[in-house]
Amino acid sequence: MKKVLIFGGIIVVIFVAIAFLTKMANPDYYKNAITPEQLEEDLASGESQTVYFYSPTCSHCQAASPIVFPMAEELGFELKPYNVDEHPSTQYKITSTPTIIHFEDGKEVSRIEGNVGEEKFKEFFETNVVDD
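Residues in the sequence shown are numbered from 12 upward in steps of one, following this note's numbering.
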């Protein structure tokens with residue numbers, strides 16, 4: 012009986028370790044997703060905003076997120092996630108995900124759609140978002 016308990020305990024520890032390591036390997040890029048009300052307030056403030064419109068079930072979003080969020084942090088700006096599944100809106104004319112829109116003075120000034128790859132995302136951010 013002791014052996015069964017020890018063996019069972021070891022299995023539980025292994026599963027807990029796997030769960031912990033998996034969580035660490037997959038950061039939650041969407042944990043601070045903004046609501047439509049927050050986005051409206053942010054746009055009304057007149058400050059520059061860069062918003063990442065995504066769907067959590069979109070494979071292209073799942074591939075792009077580990078590229079764009081660390082890149083935004085590296086370039087020194089906040090990329091705000093907006094879940095289009097939870098908060099659908101026709102106001103921003105989102106036809107595909109992921110879509111990144113940069114706003115200035117409450118108005119859209121540039122956008123990029125789809126998982127276009129690291130080079131194109133970096134070019135977009137450096138050209139449209141980052142102040143030189």
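Cβ atoms here follow ideal geometry from the backbone N, Cα and C, with glycine treated the same way.
Compute the Euclidean distance between the alpha carbons of Lys133 and Ile45, then round it to the nearest angstrom.
-> By one-based count along the sequence shown, residue 133 stands at place 122. By one-based count along the sequence shown, residue 45 stands at place 34. If I take the Cα positions, the gap works out to 23 Å.
Which value, in whole angstroms, describes the spacing of the CA atoms of Glu129 and Ile17?
-> The residue you call residue 129 lines up with position 118 of the sequence shown. The residue you call residue 17 lines up with position 6 of the sequence shown. Answer to the nearest angstrom: the Cα atoms are 48 Å apart.
Where Pro109 falls, given that 16 or more other Cβ within 10 Å makes a residue buried = Start at 1 with the first residue of the sequence shown, and residue 109 comes out as number 98. Buried is the label assigned to Pro109, since at least 16 other Cβ atoms lie within 10 Å of its Cβ.
Which term fits Val79, buried or exposed, when burial requires 16 or more other beta carbons within 10 angstroms of its beta carbon?
-> Taking the first residue of the sequence shown as 1, we reach residue 79 at position 68. By the neighbour-count criterion, in which 16 or more other beta carbons inside 10 Å mark a residue as buried, Val79 falls on the buried side.
Residues near Val141 by beta carbon distance below 8 Å, same chain, minus five either side = The count along the sequence shown starts at 1 and reaches residue 141 at position 130. Only Leu86, Gly87 and Phe88 meet the Cβ criterion.
Excluding sequence positions up to five away, which residues of its chain have a Cβ less than 6 Å from the Cβ of Phe135?
-> The residue given as residue 135 occupies position 124 in the sequence shown. Ile123, listed in sequence order.
Assuming Ile112 contacts Tyr103 (C-beta within less than 8 Å), just tell me the rounded distance between them.
-> Mapped onto the sequence shown, residue 112 falls at position 101. Mapped onto the sequence shown, residue 103 falls at position 92. At roughly 6 Å, the Cβ-Cβ gap stays under 8 Å, so Ile112 and Tyr103 are in contact.
Any 3 or more C-beta pairs closer than 8 Å across the stretch 13-27 and the stretch 41-60 = No: the two stretches stay apart, fewer than three of their Cβ pairs being nearer than 8 Å.
Cβ-Cβ separation, Ser59 to Glu115 (assumed contact under 8 Å), whole Å = Taking the first residue of the sequence shown as position 1, residue 115 is located at position 104. Taking the first residue of the sequence shown as position 1, residue 59 is located at position 48. Contact between Glu115 and Ser59 holds, with the beta-carbon distance rounding to 5 Å and staying under 8 Å.
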